[in-house]
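Here the protein sequences line up with chains D and S, keeping their order. Read in this note's numbering, the first sequence has 1288 at position 176, and its numbers run on one by one without any break. Read in this note's numbering, the second sequence has 1272 at position 160, and its numbers run on one by one without any break. Backbone N, C-alpha and C fix where the C-beta goes; we use that ideal spot for every residue, glycine too.
There are 2 protein chains.
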Amino acid sequence: MTKPTHDETIGAWLDALGSAAPAPGGGAAAAMSTAMGAALVAMVANLTIGRQSYAEHHPHVTRVRDEADELRTRAVELVAQDAEAFDALMATFRLPKVTDADKAARATAIRAATVRATEVSIDIAAAAARVVGLAESLLGRSNPSVVSDIAVAAASAVAGLESAGVNADINLRSLRDVDVKTRLTAEVERHRLQVSAGRSVVDAVRKEIGA
Amino acid sequence: MTKPTHDETIGAWLDALGSAAPAPGGGAAAAMSTAMGAALVAMVANLTIGRQSYAEHHPHVTRVRDEADELRTRAVELVAQDAEAFDALMATFRLPKVTDADKAARATAIRAATVRATEVSIDIAAAAARVVGLAESLLGRSNPSVVSDIAVAAASAVAGLESAGVNADINLRSLRDVDVKTRLTAEVERHRLQVSAGRSVVDAVRKEIGA
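Structure representation (structure tokens):
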């Protein structure tokens, strides 16, 4: 894709996602789920800020909206960063491996590109985990007529978080440097703790609806 | 939005999702999560069909790919249908309620529009549940180098399913007709059973990765 993700049409993007082309793939989907979750947090916030009857919640909800807008922008940027990191990683596998010097240089390049790809997945997971937290913070502090959208925001962010987590897992598997691997694994696991928080948001909304 | 969803840019669509405008909202996000899941199922299938080493799986995987392509098209159509059903429901609330005849006609119109909005959410849930089943059927029968994308497909479809389920719940809450309510509730619950299947797909992939 030559266009920035922001300017791509939904149809063309989904076509590319479904094709055998290496990117966009699971990383792009993780970032997009996160962006949708952030957008829905902002929607619930905007429909609360616009109503005088929820004035007591406006200071909190305005902060939530602003952070959700930043996270959405960030998530869309991460779609492109994920594709770049993936392409860069694929390019390292095509490096020459004739001489011992070639092999050493190739191994170093693969390692660096794998770390970079993992870091992008962790950035997506971090953004998704934060969206879960924002959705949670809207429970009982926002316009109840859009309470179901808090659940959809949380469910989307959980998908982004779980997806980014699996993408990080598969890159971490091939890393041999124990220190780096331990540090990155700990980061992924820290964000992944928010999966259960996100599921609890969905459950809380269903309970409030009486479902 | 005047453009078909397919032709909308990702940036404009996310802007609309995050705005205080009533649609697109949670229903559109549910359908988009489902479409992303279907696209990733197709991607895994396409990257399996293209490799002779998985020839034994080609008949199954070709069927999966074709059904995933249909489900993706259907999910994108459901984004628009959800917006139409939502707008139609909102319009019924603005019907006159001066005379008793007005009130009776308005109540009938609200009921019909609520049933229709619920049916669209159930259609999204049905498509998402089917995507979960397709993702599950690819485990052990597809190119292992894209196994993580099966997990992302399942996580996206679960988000679509849970989101559509909550959207159905909130509409079902206001329905008074016990027979219709019972029938539609049973349909939602039947699809929702696939949530745990989808989560199991993510767990199975993580186990295979060794995470």
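Contact with chain D by residue i, beta-carbon distance below 8 Å
i, result
"M1148 of chain S", "yes"
"A1298 of chain S", "no"
"M1202 of chain S", "no"
"E1274 of chain S", "yes"
"V1176 of chain S", "no"
"A1240 of chain S", "no"
"A1308 of chain S", "Sequence inspection shows Ser at residue 1308 of chain S; the Ala mentioned does not correspond to that position. Chain D, which has no Cβ nearer than 8 Å to the Cβ of S1308 of chain S, makes this no."
"H1303 of chain S", "no"
"L1126 of chain S", "yes"
Buried versus exposed, by CB contacts within 10 Å (16 or more), residue i
i, result
"F1198 of chain D", "buried"
"R1164 of chain D", "The question names Arg, yet the displayed sequence has Gln at residue 1164 of chain D. Burial call: exposed."
"A1269 of chain S", "buried"
"M1144 of chain S", "buried"
"E1120 of chain S", "buried"
"T1117 of chain D", "buried"
"V1290 of chain S", "exposed"
"T1055 of chain D", "As shown, chain D starts at 1113 and ends at 1323. That puts residue 1055 of chain D outside it, with no answer to give."
"T1160 of chain S", "buried"
"G1322 of chain D", "exposed"
"T1294 of chain D", "exposed"
"G1310 of chain D", "buried"
"G1277 of chain S", "buried"
"T1220 of chain S", "exposed"
Chain-ordered neighbours of residue i on chain S, where CB pairs are closer than 9 Å
i, result
"G1123 of chain D", "P1116, T1117, H1118, D1119, E1120 and V1188"
8 Å Cβ cutoff, residue i in contact with chain S
i, result
"E1232 of chain D", "Checking the sequence, you will find Val at residue 1232 of chain D rather than Glu. Output row for V1232 of chain D: interface = no."
"S1249 of chain D", "no"
"A1271 of chain D", "yes"
"A1213 of chain D", "no"
"R1318 of chain D", "yes"
"S1145 of chain D", "yes"
"S1312 of chain D", "no"
"V1292 of chain D", "no"
"L1183 of chain D", "no"
"A1167 of chain D", "no"
"M1113 of chain D", "Any reading at M1113 of chain D needs caution, since the residue's pLDDT is 47, under 50, leaving its predicted position unreliable; the model's value is listed next. No, M1113 of chain D does not count as interfacial toward chain S."
"S1268 of chain D", "yes"
Cutoff 7 Å; reference residue i; Cβ partners in own chain excluding five residues on either side
i, result
"L1251 of chain S", "I1262, V1313 and A1316"
"P1256 of chain D", "none"
"R1253 of chain S", "H1169, H1172 and V1173"
"D1235 of chain D", "L1190"
"E1274 of chain D", "V1307"
"S1286 of chain D", "T1226"
"E1299 of chain S", "I1234"
"A1141 of chain D", "L1129 and S1275"
Per DSSP, cross-strand counterpart(s) of residue i
i, result
"T1160 of chain D", "None, per the DSSP bridge assignment."
"T1121 of chain S", "D:T1121"
Under 8 Å from the C-beta of residue i: neighbouring residues of chain D
i, result
"E1196 of chain S", "Near E1196 of chain S there are no residues of chain D at all, since even the closest Cβ is about 17 Å away, more than 8 Å."
"L1152 of chain S", "L1129, G1130, G1137, G1138 and A1141"
"R1253 of chain S", "Those do not exist, as R1253 of chain S stays about 17 Å from chain D at its closest Cβ, beyond 8 Å."
Contact set between residue i and chain D, taken where Cβ atoms lie within less than 9 Å
i, result
"G1162 of chain S", "A1132"
"R1295 of chain S", "Chain D residues near R1295 of chain S: none, gap ~16 Å exceeds 9 Å."
Chain-ordered chain S contacts of residue i [CB-CB under 7 Å]
i, result
"E1179 of chain D", "Under the 7 Å cutoff, chain S gives no residues; its nearest Cβ is about 12 Å from E1179 of chain D."
"D1261 of chain D", "G1137 and G1138"
"I1282 of chain D", "S1260 and I1321"
"L1159 of chain D", "A1132"
Contact set for residue i: own chain, Cβ-Cβ below 6 Å, skip 5 residues either direction
i, result
"K1215 of chain S", "K1209"
"L1305 of chain D", "none"
"A1265 of chain S", "G1149, L1152, V1153 and A1247"
"G1139 of chain S", "D1194 and N1279"
"V1188 of chain S", "T1117, H1118 and A1147"
"R1184 of chain D", "A1147, A1150 and A1151"
"L1129 of chain S", "P1136"
"R1218 of chain D", "L1207 and K1209"
Check: residue i C-beta below 7 Å from any heavy atom of the ligand MG
i, result
"K1215 of chain D", "For the ligand MG, the structure offers nothing, since it holds no ligand at all."
Closer than 8 Å to chain C by CB, residue i
i, result
"A1224 of chain S", "Any reference to chain C falls outside this structure, whose protein chains are D and S."
Same chain, Cβ closer than 8 Å to residue i, neighbours up to 5 away in sequence not counted
i, result
"A1061 of chain S", "As shown, chain S starts at 1113 and ends at 1323. That puts residue 1061 of chain S outside it, with no answer to give."
Chain-ordered neighbours of residue i on chain D, where CB pairs are closer than 7 Å
i, result
"A1229 of chain S", "None at all; the shortest Cβ gap to chain D is about 12 Å."
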